[in-house]
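Asker: Quick one: structure below, then a few questions.
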Amino acid sequence: MSVSSILTQVEGGVARITLNRPDVLNSFDTPMALELQEALARVEADQSVRAVYLTGAGRAFCAGQDLGEAVAREGKGTLNFAEHLRRTYNPIVAALRALPKPVVCGVNGVAAGAGANLAFACDLVIASADAKFIQAFINIGLVPDTGGSFFLPRLVGTAQATALMMLGLPITAEQAQQTGLIYKVVPAGTLEEGGYGIARQLAGQPTAAIGLIKQLLRASLYNTLEQQLELEAEIQQQASDTTDFAEGVRAFLEKRKPSFTGA
Ligand code: LHQ
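In this note's numbering, each residue carries its 1-based index in the sequence shown increased by 4.
So this is what it looks like as structure tokens:
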């Protein structure tokens with residue numbers, strides 16, 4: 005019986021999505037990439053899901069492309085790499101960015117190549133202290149993909165991004181946090197509490213507004229100040245139309261804890 009490469013479990017408003025090919029450090033073959041696309045479409049449609057937690061099974065988060073898959077192994081001339089990226093990784097990055105729900109990435113071990121950039125496409129990245137990040141592409145003569153060339157300069161600036169991409173050296177979770185590449189490092193063995201715990205916390209927040217924050221952040225990458233001010237006005241209007249806004253104000257005035265539903 006074949007075991008699924010992607011495990012999805014929904015509990016308490018959080019969808020936990022686990023990359024599940026631990027024998028090859030959860031590297032991506034084509035079926036796993038397609039399964040992850042399906043899982044993301046399901047969590048988008050599932051109204052009970054208010055936050056997503058993405059992590060890896062075993063000792064690694066994700067070692068990027070499975071280099072044993074024919075697609076990579078056969079090398080020069082045999083593969084349409086552009087088509088492969090368009091069919092596998094690109095839709096995953098687009099889905100993560102467009103998902104109107106927060107995505108927390110719990111980096112439980114090494115994140116290399118497309119695996120590292122998958123993490124950077126998530127909203128909040130929390131790494132175990134024993135995890136490391138590698139822009140491994142250059143070590144096999146490739147260039148960063150899966151959004152890396154977009155996210156890295158924006159996260160850490162051009163100087164650091166250039167070094168990461170050209171040198172292809174591993175950096176520790178601590179270094180990743182210090183340079184602003186990720187949100188937080190937690191002690192090894194505590195990711196469940198420090199990573200999944202944040203996804204659980206987000207699932208209890210006004211999640212419709214969190215989806216709107218994602219829209220604002222995305223647009224801020226291209227907009228002028230004037231355009232962004234106008235967008236804030238439009239999106240604030242949408243936020244103020246939610247029942248969570250009414251509940252938030254009522255709870256404040258009644259000096260009690262708000263109970264948000266995500267609506
Ligand atoms: C692996 C892999 C792996 C297969 C470890 N594949 N088996 C897009 C479009 C099309 C094609 C090409 O690529 C892309 C995007 C990309 O992602 S390119 C970058 C691909 N990834 C890499 O180059 C990383 C390769 N892996 C490594 O450098 C190391 O394995 C890291 C640093 C991730 C971990 O090192 P270690 O902790 O020392 O583990 P290990 O190397 O001993 O690996 C454990 C096993 O996992 C081993 O198998 P074995 O049977 O000997 O136990 C590896 O062969 C296997 N594995 N990564 N990407």
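Each residue gets a CB set at the ideal place from its N, CA and C atoms; glycine is no exception.
Being a predicted model, the structure only gives us computed values, none of them experimental.
Can you round the beta-carbon distance between Gln219 and Ile239 to whole angstroms, since I take them to be within the 8 Å contact cut?
Answerer: Counted from its first residue, the sequence shown places residue 219 at position 215. Counted from its first residue, the sequence shown places residue 239 at position 235. Right, the Cβ-Cβ distance comes to about 6 Å (below 8 Å), so this counts as a contact.
Asker: Can you find a heavy atom of the ligand LHQ that lies under 7 Å from the Cβ of Val114?
Answerer: To locate residue 114, count along the sequence shown from 1; it is residue 110. Under cutoff, so the answer is yes.
Asker: Start and end of the beta strand (DSSP E) containing Ile138?
Answerer: Counting from one through the sequence shown, the residue named residue 138 turns up at place 134. First-last of the beta strand (DSSP E) with Ile138: Lys136 to Ile138.
Asker: Contact defined as beta carbons within less than 8 Å: I believe Ala105 pairs with Val147. What is the distance between those atoms, to the nearest angstrom?
Answerer: In the sequence shown, residue 105 corresponds to position 101, counting from 1. In the sequence shown, residue 147 corresponds to position 143, counting from 1. Here residue 105 is Lys; the residue named in the question, Ala, does not match the sequence. Between Val147 and Lys105 the Cβ distance is about 31 Å, and since that is not below 8 Å, they are no contact.
Asker: Could you pull out every residue in the same chain whose Cβ sits closer than 6 Å to the Cβ of Glu258, ignoring the five residues on either side in sequence?
Answerer: Taking the first residue of the sequence shown as position 1, residue 258 is located at position 254. None.
Asker: Determine the direct distance from the alpha carbon of Val160 to that of Ile138, and round the result to whole angstroms.
Answerer: For the purposes of this step, residue 138 is taken as the residue at position 134 of the sequence shown. For the purposes of this step, residue 160 is taken as the residue at position 156 of the sequence shown. When rounded, the distance between both Cα atoms is 14 Å.
Asker: Can you grab the Cα-Cα spacing for the pair Asn84 / Leu29, in whole Å?
Answerer: Numbered from its first residue, the sequence shown carries residue 84 at position 80. Numbered from its first residue, the sequence shown carries residue 29 at position 25. In a straight line, the C-alpha of Asn84 is about 24 Å away from that of Leu29.
Asker: Residues in the same chain with beta-carbon distance under 7 Å from Met5, minus the five sequence neighbours each way, listed in chain order, please.
Answerer: Working through the sequence shown from its first residue, we reach residue 5 at position 1. Interpretation of Met5 is limited by its pLDDT of 49, a score under 50 that renders its predicted location unreliable; no figure is taken from the coordinates.
Asker: Nearer than 7 Å: is that true of the beta carbon of Ser9 relative to any heavy atom of the ligand LHQ?
Answerer: Along the sequence shown, one-based indexing puts residue 9 at 5. Checking every heavy atom of the ligand LHQ against the Cβ of Ser9, none is found closer than 7 Å.
Asker: Starting from Phe65, trace the alpha helix (DSSP H) both ways and give me its first and last residue.
Answerer: Taking the first residue of the sequence shown as position 1, residue 65 is located at position 61. Taken as a continuous stretch (DSSP letters only), Phe65 belongs to no alpha helix (DSSP H), being part of the beta strand (DSSP E) at Ala64 to Cys66.
Asker: Under three-state DSSP, which class holds Met5?
Answerer: Translated into positions along the sequence shown, residue 5 becomes position 1. For Met5, the predicted structure reports a pLDDT of 49, less than 50, and the residue's modelled location is therefore unreliable. The matter cannot be settled from this model.
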